[in-house]
Amino acid sequence: MLQAAQRSEKKTKGKKTAPHERYLEAYRWMLQTRVFEDKLASLYRGGLITGGVYVGRGQEAISAACGMFLQKGDIFAPLIRDQAGRSAFGEPLIDVARTYLGSRQGPMRGRDGNIHRGKPGQGQLAMISHLGAMISVTVGVLLAKKFKGETGFVGLTTIGEGGMQSGATHEGMNIAAVEQVPLVLVATNNHYAYSTPNDREFACTDLVDRAKGYGFEGYTVDGTDLAACLDVIGGAVKRARAGRPPQLVVASVLRLAGHGEHDDASYITDEIKREPFAQDCLKCAEKVIVDLNLADAETLKKWRDEAAAEVENAVATAQKEAAPEAGEEDWCAISMRHLVDQIP
Amino acid sequence: MLQAAQRSEKKTKGKKTAPHERYLEAYRWMLQTRVFEDKLASLYRGGLITGGVYVGRGQEAISAACGMFLQKGDIFAPLIRDQAGRSAFGEPLIDVARTYLGSRQGPMRGRDGNIHRGKPGQGQLAMISHLGAMISVTVGVLLAKKFKGETGFVGLTTIGEGGMQSGATHEGMNIAAVEQVPLVLVATNNHYAYSTPNDREFACTDLVDRAKGYGFEGYTVDGTDLAACLDVIGGAVKRARAGRPPQLVVASVLRLAGHGEHDDASYITDEIKREPFAQDCLKCAEKVIVDLNLADAETLKKWRDEAAAEVENAVATAQKEAAPEAGEEDWCAISMRHLVDQIP
Amino acid sequence: MSITYLEAIREAQAKLLRDDDRVFIYGQDVGGNFGGAFKATKGLAKEFPGRVLNAPISEDAMVGTAIGAALQGMRPIVEMQFADFSSIALNQILNNAGTHYWRTNIPIPITVRLPSGGTKGSGPFHSQSMESLYAHYPGLVVMTPATVEDAYTMLIEAVAIDDPVVYCEHKYLYYHLKADRLPTEGLPIGKARIAREGRDLTIVTYSAMLHESLTVAEEFANEGLEIEVVDLRTVKPLDTDTVLASVARTGRLLCVGESFPWGGATAEVIARVTAEGFHLLDAAPARINAKDTPIPYHPNLWSAHRPSAKTIAEKARNLLRE
Amino acid sequence: MSITYLEAIREAQAKLLRDDDRVFIYGQDVGGNFGGAFKATKGLAKEFPGRVLNAPISEDAMVGTAIGAALQGMRPIVEMQFADFSSIALNQILNNAGTHYWRTNIPIPITVRLPSGGTKGSGPFHSQSMESLYAHYPGLVVMTPATVEDAYTMLIEAVAIDDPVVYCEHKYLYYHLKADRLPTEGLPIGKARIAREGRDLTIVTYSAMLHESLTVAEEFANEGLEIEVVDLRTVKPLDTDTVLASVARTGRLLCVGESFPWGGATAEVIARVTAEGFHLLDAAPARINAKDTPIPYHPNLWSAHRPSAKTIAEKARNLLRE
Ligand SMILES: Cc1ncc(C[n+]2csc(CCOP(=O)(O)OP(=O)(O)O)c2C)c(N)n1
Ligand SMILES: Cc1ncc(C[n+]2csc(CCOP(=O)(O)OP(=O)(O)O)c2C)c(N)n1
Ligand SMILES: [Mg+2]
Ligand SMILES: [Mg+2]
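Chains as they are written, first to last, in the numbering used here: chain U, 1 to 344; chain E, 1 to 344; chain W, 1 to 322; chain X, 1 to 322.
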């Protein structure tokens, strides 16, 4: 059967199986993400994307699960490896294609690129690069919702094991707990921050040990196991929604790509590639689907084809669109025009 | 008998009694500090000190213990409430008097004041105000000693429960553990950061719970109990010196003064003043000394008189000294004169 | 009745909390019965329960939290305990708040209050004037009120502005400056004010240095020399037009600022005036700032480190001689 | 043989590690076989075991650690992955390293390397030029090398300097700039360089903008107009004398910088030249900087955001017409 999550701090009983529909839905987001990001990588290699391409290969299960339990009114503040989650949360592929390809019609209008995108008005915050900075911002949104008397909402934000070491992460986590906002922080330990392995990043046994020191509830999950991801993240979201303290979920995977597509990741050791957490979550999920006969081969192929078509469509659309032009640009960093500094 | 420390994370057996001589020595640093800081407060009230006066009333036991176990070659990076520790570490009273009174002959030469002083060349770092910033600096000193092949040294630095929430503290602690330097971090929870009580500062059960998340070894101690302070801090210093991971000691006390002498601390509740941790560590130590007959009344009085004389002497000396004069000042922020920017 | 600069800041916040339920105040020690290190929020936590919140010692997260709340429609005011500690929040201010509108088309209406500038005995970490760091980066409005009236109306405006505002309030003025009453209206944000008319020399200044400059102007008036004093009010946007118009009248420019000398507001004013009003100048434009060292603790050193009526007068005299 | 700006930086570090065992390098991803996001430390970890250390994502502590090590007699080089992330370390740089000598009489010999400036597609958080923030505060030397030779000799000098140095290396120049060989000696630190002689106009610039300016100078030379180009090399200290001497020759000043327009290096140069060399100027001094918005991702926008040969030429032409 689908394997359940391992919980480090609290052992809870509960359903050990995610409903098949949810599993399959998540799988489809994973699949679409993989297809999409492979396409982005190939566009990058072909010189058709300026800047960088950052993919979530190997992290699709955890990311998809992040998006799956969020509802309208919830907040999602994703980071670099969260395409699956972004899609599951509702980000249209065309937004991504437009941002990567610099279309004027994208949400960032060519002003920012790649993973630096969002639609804050629709609950998806637009990350800045500085790792950890979005945690307190998410807390602020949740705090404001509390002020306004809203209930039943949550905010979910993600971080890598590298970003866990930034001061901003610490301050943000602590404030979340002080304010008791319904935050879920999903920290994915993919065993590298760029080229830096865990032993040069932190020295605790498991990052989930941080939870207690903030007054968070902490859980670990095998990020290669979609069912476990759905179970643990679903549970964390549920608990946050129900008013439990902020939740920390630490997932374990291996980054199955370079830091960005410019990076051949030759520093990733063969040894670590043989670790159980180095398995490809997408293949694992496919195996479960096949083994348990959750979908037949034809359906699987249809999904893959559909994903490919959607991806091609989004990319083709964005590629046809006009790039931003300097002359037409509104060079204003603030919204109130009469306050713009007229610098000679 | 002298009450031993409570250890939260690890229970160890060991001597439950600090040697009497050490206890009495620490007591004398505490006493001298109390007399000195009372004097500084009265100078402040008399308008004879510009700026602020920040005292460690109620924290002398923990602070004295911080200074007691450090040797030549060790590093001490104290903060605001560490007079007892500074003195025990070797800072002459005249340095303090000169700094508070703005004498040109003080270590800060009137350029900085009050608690913002140090003699880095002698192992006592000069704090900046930004809380948490000195932790990584201490780590850097220790790392350099390691590079140079020195052995057997430790670095001890202090922080308040308020300062524990700063990003700098987090980054500094984490780096200490990654580099496995012999650091002891003594965090004193005096239940307030300026006027802010614990419940607006953090939400974990006990700050010592942070230790594990960094790979530190964590201990708690009753800061009103000098013997416990000596035992726990002595133990932490010993372990760090022996090559154990970085040590976190969390002490519990009440700040028995305003944040600074300008502050009447009227926000401190009567309720909290009745807590056991609100006891005056100096009185507790005196009671132990009297009860156990470690020193007779005459000796105690002699010590008090000696402290008063030393304090009067230091203050009188500093008061006679010249203030810095702008015209004689070397207005240079860098040491290499030929690189000073000549701004017209 | 008489009201101080500090009380004006408190009253502005009281009014904001009263009139607009999107407003809340977040900062270290602002809540409880305490009301902040300088008492700028005294009594407000009690009068507005749940809307004046103590923050942990986490400046980065304080501003991050405010940004998030602003995204959700609130109008947060963040109090830094001292401007100097905003160095910890600088990343959130510059890179998150300051870029957000440009990136997403959604502005971030936060106000960050910075108790700024020197008072004697405060030393290197409790005396800084940081307006030039914030004004250098795009995306922020940077206010530097110099009068009780401006302290009041500009703080109210700051919260009304949809974009992030860094509001630099001067600690020396907190108690030293008094007015008879609070105004109902101020000059528009972005407009500089002719604080004193003159014909012989223009001093462009802001914040506490306005008063040193006015002292000099009074002194010179006794000698029949009329200094025009321009109070910038906001260093970003910087009202080049008003400055140029003044220089057109006087032909001479002296810029006075309390912050460090390299770059910053005084250099910016000179660069603008010389670019657009070179022909208006009868003499080389001059500036006077603090010295290029950390801010000293001792009053003897401190008062020599910053510009004062004495050093401003000297510069002005030289300039008038040219 | 040909060596790039980036290789020069690597070679300088190799030499420093070889010649001086007080030197070590600390930064994200600098170690292992990786050698940094830009490969500026490629191979060094292997060649100098234990002296090229990967740091966690903790910029504040990276610099704090370097300060501590410097106190203990080491000469650390900190690599920021991008200049933009130094905002997290700004407090340690300005308030700890920058004030330490003034406070204690003990200087802090650290070198903080900032991979700075724009390249296309890098966007708002991987393109910044932050020299003006660091130069504004006291206590730091701020280097902005524009040539392969300077990249090399100035980095070696940076580590030799007893005071904290912010070394702004330009990412665009990493691969675009090549030299035949590494020099054994450079101009003294603090001296600007006349990169090109001329008589009709002085362009004062630094870092990548030197090359845009030189392009313009070549172009104008075809028309018989000779632009003198001054490369500041360090923006702090700023070599006012060399700039003034050039303006004395040409009578016209254009300052070109890639950072944001408010305040900063170009304003500082103008303030100095007009204060000391007002009479030397035959026309209003001008400046050109990046636009006052975050730095855009898209190449079309990015190339319009920063100054370019085209926009510099335009300004220069106007200035020559005056
Ligand atoms: C404060 C900060 N410093 C440096 C960087 C540069 N940087 C971008 S991603 C990255 C590695 C992130 O590692 P991790 O947090 O583990 O996330 P992963 O890439 O593994 O998903 C670094 C160092 C940054 N974005 N923010
Ligand atoms: C980063 C930073 N923010 C704000 C301050 C202002 N400040 C000085 S002491 C203090 C309270 C410190 O509380 P705690 O750390 O508990 O130490 P205690 O005073 O209780 O000993 C504050 C907020 C500071 N020094 N540093
Ligand atoms: Mg990682
Ligand atoms: Mg405290």
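We put the CB at the ideal spot given by N, CA and C, even for glycine.
CB contact flag (residue i, residue j, <7 Å)
i: glycine 375/W; j: alanine 208/W; result: With chain W running from 1 to 322 in the structure shown, residue 375/W is simply not present.
i: glutamate 226/X; j: arginine 199/X; result: yes
i: aspartate 241/W; j: glutamate 171/U; result: no
i: methionine 62/W; j: alanine 144/U; result: no
i: proline 76/X; j: alanine 83/X; result: no
i: glycine 215/U; j: valine 208/U; result: no
i: alanine 285/E; j: serine 103/E; result: no
i: threonine 361/W; j: glutamate 131/W; result: A question about residue 361/W goes unanswered here, because the residues of chain W that appear run from 1 up to 322.
i: valine 139/E; j: threonine 65/X; result: yes
i: glycine 223/U; j: alanine 265/U; result: no
i: glutamine 81/W; j: alanine 151/W; result: no
i: threonine 158/U; j: leucine 79/U; result: yes
i: valine 269/W; j: cysteine 255/W; result: yes
i: alanine 257/E; j: valine 35/E; result: no
i: aspartate 112/U; j: arginine 103/W; result: yes
i: glycine 186/X; j: threonine 234/X; result: no
i: aspartate 97/U; j: alanine 314/U; result: Correcting the residue identity first, residue 97/U is alanine in this sequence and not aspartate. Contact: yes.
Pairwise C-alpha distance: residue j and residue i
i: tyrosine 101/W; j: arginine 337/U; result: 12 Å
i: leucine 131/E; j: proline 164/X; result: 21 Å
i: glutamate 11/X; j: leucine 133/W; result: 34 Å
i: arginine 304/U; j: arginine 117/U; result: 26 Å
i: glutamine 3/U; j: arginine 255/U; result: Low confidence applies to glutamine 3/U: its pLDDT is 31, below 50, so where it sits in the model is not reliable enough to give any reading.
i: valine 288/U; j: serine 303/X; result: 50 Å
i: histidine 191/U; j: glycine 31/X; result: 16 Å
i: glycine 243/E; j: isoleucine 161/W; result: 56 Å
i: leucine 101/U; j: lysine 283/U; result: 29 Å
i: valine 181/E; j: alanine 14/X; result: 26 Å
i: glycine 218/W; j: arginine 272/W; result: The displayed chain sequence assigns glutamate, not glycine, to residue 218/W. For glutamate 218/W and arginine 272/W, the distance between alpha carbons rounds to 27 Å.
i: tyrosine 172/W; j: proline 307/W; result: 14 Å
i: valine 311/U; j: alanine 193/U; result: 28 Å
i: histidine 170/X; j: tryptophan 262/X; result: 21 Å
i: isoleucine 194/W; j: isoleucine 128/U; result: 41 Å
i: proline 120/E; j: isoleucine 175/E; result: 21 Å
i: tyrosine 5/W; j: methionine 108/E; result: 33 Å
i: leucine 48/E; j: glutamate 321/E; result: 14 Å
Cutoff 6 Å; reference residue i; Cβ partners in own chain excluding five residues on either side
i: lysine 296/W; result: The amino acid occupying residue 296/W in the given sequence is proline; lysine does not appear at that position. The residues are Trp302 and His305.
i: asparagine 96/X; result: Ile67
i: glycine 123/W; result: Tyr297
i: aspartate 19/X; result: none
is_contact[residue i, chain A] using C-beta, thresh 7 Å
i: serine 87/W; result: Within the model displayed, chain A is absent; protein chains U, E, W and X are what it includes.
Close beta carbons around residue i, own chain, < 8 Å, minus the five adjacent residues each side
i: arginine 345/E; result: Any answer about residue 345/E is impossible in this case: the structure gives chain E only from 1 up to 344.
Output the residue ranges of the alpha helix (DSSP H) runs that lie fully inside the region 156-219 of chain X and measure 4 residues or longer, sorted by chain position.
Within the region 156-219 of chain X, the runs of alpha helix (DSSP H) at least 4 residues long that lie entirely inside it are, in chain order, 171-176.
Which residues neighbour ligand 3 when neighbourhood means a C-beta less than 7 Å away from any of its non-hydrogen atoms? List them by chain order.
Those residues that bring their Cβ nearer than 7 Å to a heavy atom of ligand 3 are Gly160/U, Glu161/U, Gly162/U, Thr188/U, Asn189/U, Asn190/U, His191/U, Tyr192/U, Ala193/U and Arg255/U.
Taking only runs that begin and end inside the region 104-160 of chain E, name each unbroken beta strand (DSSP E) of 3 or more residues, in chain order.
155-160
Please go through the region 154-222 of chain U and give each complete alpha helix (DSSP H) segment of 4 or more residues, from N-terminal end onward.
List check, alpha helix (DSSP H) in window: 167-179 and 210-214.
Completely contained beta strand (DSSP E) runs for the region 248-289 of chain W, where each covers 3 or more residues
Within the region 248-289 of chain W, the complete beta strand (DSSP E) runs of at least 3 residues are 253-256 and 286-288.
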